[in-house]
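A short write-up of the structure that comes next.
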Amino acid sequence: MISGVIFLISLSNVAAQNASSGAQTVLTQATSQIQNMVISMSQGCSGGAHGVPPVNWAQLQGHGDAAVNALAAARVALSQGQTKDALQQIDIAQGELDALLNGAHGNCAGGAHGEDPVGMSGYLATRAVVRGRLDDVKIFLGG
């Protein structure tokens, strides 16, 4: 009986380690996707030889950087067993990602009220995937 309890505890520790490892992988992938989106968006408006940045690029880039930094902080918190802090940082990252995309909407020169960046539909699709995966991590971590 005692060995059965020890075995069950060991299995739960392995499951927790696998959960943390899986969450770390998702956070790393989300970080990469956001970084790639920011790079693309930096020249996402029509114009110039290779595109131009949205009108308020400095502010938008700040939201992208803040999302990436929050995901890095979430990875650190998770590696230290601070699940509550990791969940909070994931929420911050999602908010910054939303601010990035909402701010890019209609912020290219042109049209009566501005235009969306050329790749806006792709950015929105990326946000949906990243947000969905981060939501899964939050559920998995108990958030």
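To convert, count from 1 in the sequence shown and add 34; that's the working numbering.
We put the CB at the ideal spot given by N, CA and C, even for glycine.
Point to revise | Cβ neighbours of Gly-148 in the same chain (closer than 8 Å, five flanking residues each side left out) | key: On the sequence shown, position 114 is the one that residue 148 refers to. Excluding positions up to five away in sequence, the list reads Val-89, Gly-140, Asn-141, Cys-142.
Practice item. Output the boundary residues of the alpha helix (DSSP H) element that contains His-97. Key: Taking the sequence shown and counting its residues from 1, the one referred to as residue 97 is at position 63. Run containing His-97: 91 to 113, per the alpha helix (DSSP H) assignment.
Review point. In terms of residue numbering, what span does the alpha helix (DSSP H) encompassing Gln-128 cover?
Key: Counted from its first residue, the sequence shown places residue 128 at position 94. Residues 117 to 138.
**Study point:** Which of helix, strand or coil DSSP assigns to Val-171
**Key:** Position 137 of the sequence shown holds residue 171. Reduced to three states, the DSSP call for Val-171 is helix.
Practice item. Report back the beta-carbon spacing between Val-72 and Gln-95 to the nearest angstrom; my notes put them in contact at under 8 Å. Key: Working through the sequence shown from its first residue, we reach residue 72 at position 38. Working through the sequence shown from its first residue, we reach residue 95 at position 61. Yes, Val-72 and Gln-95 are in contact; Cβ-Cβ is about 6 Å, under 8 Å.
Point to revise | Cα-Cα separation, Ala-49 to Ala-64 | key: Position 15 of the sequence shown, counting from 1, holds the residue named residue 49. Position 30 of the sequence shown, counting from 1, holds the residue named residue 64. For Ala-49, the predicted model reports a pLDDT of 48, less than 50, meaning its position is unreliable; a value from the coordinates is still stated below. Rounded to whole angstroms, the gap between the alpha carbons of Ala-49 and Ala-64 is 22 Å.
Review point. Taking buried to mean at least 16 other C-beta atoms within 10 Å of its own C-beta, is Val-110 buried or exposed?
Key: As a first step, residue 110 must be located in the sequence shown, where it is residue number 76. Exposed, by the Cβ-count rule.
Check your understanding: Is Val-152 helix, strand or coil when you go by DSSP?
Key -> Position 118 of the sequence shown, counted from the first residue, corresponds to residue 152. Coil, per DSSP.
Check your understanding: If you check the beta carbons only, do Leu-105 and Leu-135 fall under 7 Å apart?
Key -> Looking up residue 105 in the sequence shown gives position 71. Looking up residue 135 in the sequence shown gives position 101. Going by C-beta atoms, Leu-105 is not nearer than 7 Å to Leu-135.
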